[in-house]
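Protein chains in written order, with this note's numbering: chain A, 181 to 513; chain B, 181 to 513. Each residue gets a CB set at the ideal place from its N, CA and C atoms; glycine is no exception.
There are 2 protein chains.
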Amino acid sequence: MSIRTTMADVARESGVSLMTVSRVINGKVDVSEDTRQRVLEVIDRLDYRPSGIARSLATRRTGTIGLVMPDVSNPFFSDVARGVTTAAYREDYNVFLCSSEEDSHRELDLLHSLEEKRIDGLILCSSRLADEVLAAALANFPSAVLVNRRWRETGVGTVLADDETGARMLVAHLLHSGRRRIGLLAGPPMSHSGSARLRGYQRALATAGFSCEDALVQPCAPVVNGGLDAALTLLAAQPQIDALFCYNDLVAVGALQACARLGRRVPDDVAVAGFDDIPLAALMTPALTTCRVPRYELGVRATEVLLTQIDGRPGECCEVVVPVEMVVRASAP
Amino acid sequence: MSIRTTMADVARESGVSLMTVSRVINGKVDVSEDTRQRVLEVIDRLDYRPSGIARSLATRRTGTIGLVMPDVSNPFFSDVARGVTTAAYREDYNVFLCSSEEDSHRELDLLHSLEEKRIDGLILCSSRLADEVLAAALANFPSAVLVNRRWRETGVGTVLADDETGARMLVAHLLHSGRRRIGLLAGPPMSHSGSARLRGYQRALATAGFSCEDALVQPCAPVVNGGLDAALTLLAAQPQIDALFCYNDLVAVGALQACARLGRRVPDDVAVAGFDDIPLAALMTPALTTCRVPRYELGVRATEVLLTQIDGRPGECCEVVVPVEMVVRASAP
DNA sequence: AGGGGTTTCGTTAACGCTAACATAATTATA
DNA sequence: TATAATTATGTTAGCGTTAACGAAACCCCT
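Shown next, in the form of structure tokens:
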């Protein structure tokens, strides 16, 4: 494969001009059936594959989108990634995957690299960037969709799960089952899920006529070890806690481990609820009560919104909110 | 961001030629400190970002690699993906992610799309393609590394886990603990792990002086439901089975579910062993005995081999085998 | 038969960079 | 001091496509 065959080769070989070959490849109509067949035969024989690079330079479109997320190996994001790649594949787009490893400096760096690659659009998940930095970065992309981050500016699409409702349902459920000291292991405040789940927690308590104490809210990294550490800290400081509402299922798994280590029975002494309903949730012992977030669909919707934007019809429906569903299992019956 | 600023803008604005700007950007030495500073200042002021597309066309390198895998949301592959993106980021490469969803037609289609994108190299994980189809596809890439697939042809890198050794250790462990009728839930035969784990199973039995019965080997899709179905089938057909060696941890989880459904106690009636040691494995009840495969490292090594190849020094060390480690837990003590 | 419309194809000039060579200005060497 | 070597910059010609325009050949109608 040392030297690639080019369109000129195909043109020469089939005795037509460059443009005719180009037209055949792009399915333009003004080519006679005769020459079309002849050119296609040559293309096939030479195993010619057009250069997307050259085409991109000429058309100013790359057929490429960027996907940036804090951690591909987090089951939440890997499901989103699957949705994005699948929806992109359907429309003949390729996807640049970038995993920022929860590092906002790296996130910005990755965005710059995508800029140079001239992607047609960006899907940015759970950005950890501050508002003004994010605004500046987004301005350099022809179009963009944010997943799990609320954004006022027009021209930027937004796809969110209905986190607040989910959180309210879960906390209401905990209250309904008699829990009165509900701790919160809170997630990244920059993300929509982080702030909306906190808000849902607060509102559910307020609605039921309970006060919301800061001492019951513990910040927490959104992974198993984050949940373990935070739960150990919180349970030590507030031993009277009888329920833990966790930012996500991974954190809830950590909380389960903390309870085991402290000899607190789940759900008898402490009820535990997670969020997202990743596959793990149903498999834990006790199985996790949680809230199902359609992660794959989140990725698909984000891609659809983005491609719509790319195709020039932006405007309407720029903020998609997908519903969630409470799933009651043994950890908080 | 409607119309992008180009190198010509920077050149005009700073009163130098295109080449001087190009030299500054690419860190070439033959530019005086004076002009370098002046050009850099203009670049910064105009927020200029060079077009990777144009550069790629001129240099015939894209700074891009392709990553193709059967399923991004499988925790095994999402860890590999994290390794690849991280190693690529270090060397300023971007990664095209393609998830074939276990569909070989789609896999081939994705490879073609990557060809048009003119990637500098390909990392193909657990390809489901037949040998001759794969050979034809690989011929069109400047360089390639296969993960989890043995490949004879020179010029193609290969990264494998030492699956056979791992399988032998696990099966030997099962035998050592007194199990005598060990069923195998076998994985994709096209992949190295599929065939090598089968071989390890057979050899371990042979070494211990036991015969290997075909009736104890059940083909199985490499996911939880595949394991559930296959284990139900196998345990029904061969009720005397006292251990299940599973292709991977997801399959093992399915096997656990099957045992529960059939009222077989684990590990008392049936011991269950998985493979890979995905995070889930340690969290199951009972926790899974398994074999740790360094998935992240697999991705990193694959990328390093690939980038070495791209940089022109191929040859040596084209087949990397990474060691695995047995992890004994409650499901097969 | 001549004007206007289709169809089908070709020519030219970008797209935004860099490789390779050319040139001018400076410094070192004999 | 003349010449060669060095440093700093510019010029030209691609890289492999497509957009935009143009032109020939054919058809239809009056």
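For tyrosine 427 of chain A, the closest Cβ of chain B is not nearer than 9 Å. For cysteine 498 of chain A, there is no enclosing alpha helix (DSSP H), as DSSP marks it with neither H nor E. Around the beta carbon of valine 339 of chain A, 16 or more other beta carbons sit within 10 angstroms, so the residue counts as buried.
In the DSSP assignment, methionine 506 of chain B falls within the beta strand (DSSP E) that extends over 505-507. When the alpha-carbon of aspartate 300 of chain A is set against those of A:Ser306, A:Leu291, A:Ala467, the nearest one is in A:Leu291. Comparing alpha carbon positions, the residue from B:Tyr427, B:Ser231, B:Tyr381, B:Asn428 closest to asparagine 320 of chain A is B:Ser231. Nearest Cα to glycine 363 of chain B within the set B:Arg241, B:Phe390, B:Met370: B:Phe390. Take the alpha-carbon of glutamine 420 of chain A and the one of alanine 401 of chain A: they are about 23 Å apart.
Here the alpha carbon of aspartate 283 of chain B sits roughly 33 Å from the alpha carbon of valine 209 of chain A.
Residues of the segment 433-461 of chain B with a C-beta less than 8 Å from any C-beta of chain A: Val433, Pro459, Leu460, listed in chain order. Interface with chain B (9 Å Cβ-Cβ cutoff): valine 480 of chain A is excluded. At least 9 Å separates the CB of threonine 488 of chain B from every CB of chain A. For glycine 380 of chain A, the uninterrupted alpha helix (DSSP H) segment begins and ends at 372-387. Going by DSSP, cysteine 305 of chain A is part of the beta strand (DSSP E) stretching over 301-305.
Within the segment 274-286 of chain A, the residues whose Cβ lies closer than 8 Å to any Cβ of chain B are, in chain order, Asn274, Val275, Phe276, Leu277, Cys278, Ser279, Glu281, Arg286. CA-to-CA, the gap between glutamate 484 of chain B and alanine 386 of chain A works out to about 54 Å.
Taking 4 residues as the minimum length, the alpha helix (DSSP H) runs contained wholly in the segment 393-465 of chain B are 404-417, 429-442, 459-463, in order along the chain. Distance from alanine 384 of chain A to alanine 352 of chain A at the Cβ level is roughly 5 Å; contact confirmed, criterion being Cβ atoms closer than 8 Å. Ranking B:Arg360, B:Gly243, B:Tyr427, B:Ile233 by CA distance to the CA of aspartate 457 of chain B puts B:Tyr427 first. Apart from sequence neighbours up to five positions away, the residues of its chain that approach leucine 198 of chain B with a beta-carbon distance below 8 Å are Met187, Ala188, Ala191, ordered along the chain. Take the alpha-carbon of isoleucine 205 of chain B and the one of tyrosine 273 of chain B: they are about 17 Å apart. Residue range 362-366 is occupied by the beta strand (DSSP E) that includes glycine 363 of chain B. DSSP, reduced to helix, strand and coil, places glycine 346 of chain A within a helical segment of the structure shown. Residues of the segment 216-233 of chain B with a Cβ closer than 7 Å to any Cβ of chain A, in chain order: Arg229, Pro230, Ser231, Gly232, Ile233. Looking at the backbone, the Cα of glutamate 505 of chain B and that of serine 306 of chain A are separated by about 35 Å.
Distances from the alpha-carbon of serine 293 of chain B to those of A:Arg308, A:Tyr269, A:Arg286 put A:Tyr269 closest.
Excluding its 5 nearest sequence neighbours in each direction, threonine 413 of chain A has C-beta neighbours in its own chain below 8 Å: Gln398, listed in chain order. Contact note: alanine 384 of chain A does not reach chain B at a C-beta cutoff of 8 Å; the least C-beta distance is about 28 Å.
For lysine 297 of chain B, the nearest CB of chain A lies under 9 Å from its own CB, placing it at the interface with that chain. With three or more CB-CB distances shorter than 8 Å, the segment 452-470 of chain B counts as touching the segment 243-258 of chain B. The beta carbon of serine 279 of chain A lies closer than 7 Å to those of Met249, Asp251, Val252 in the same chain, with the five residues before and after it left out. Between methionine 464 of chain A and chain B, the shortest Cβ-Cβ separation is below 9 Å. Of the candidates A:Glu221, A:Thr185, A:Met464, A:Glu271, the residue whose Cα lies closest to the Cα of alanine 510 of chain A is A:Met464. At a cut-off of 9 Å between beta carbons, threonine 200 of chain A makes no contact with chain B. Using beta-carbon distances, alanine 341 of chain B does not count as an interface residue toward chain A, since no partner is under 9 Å.
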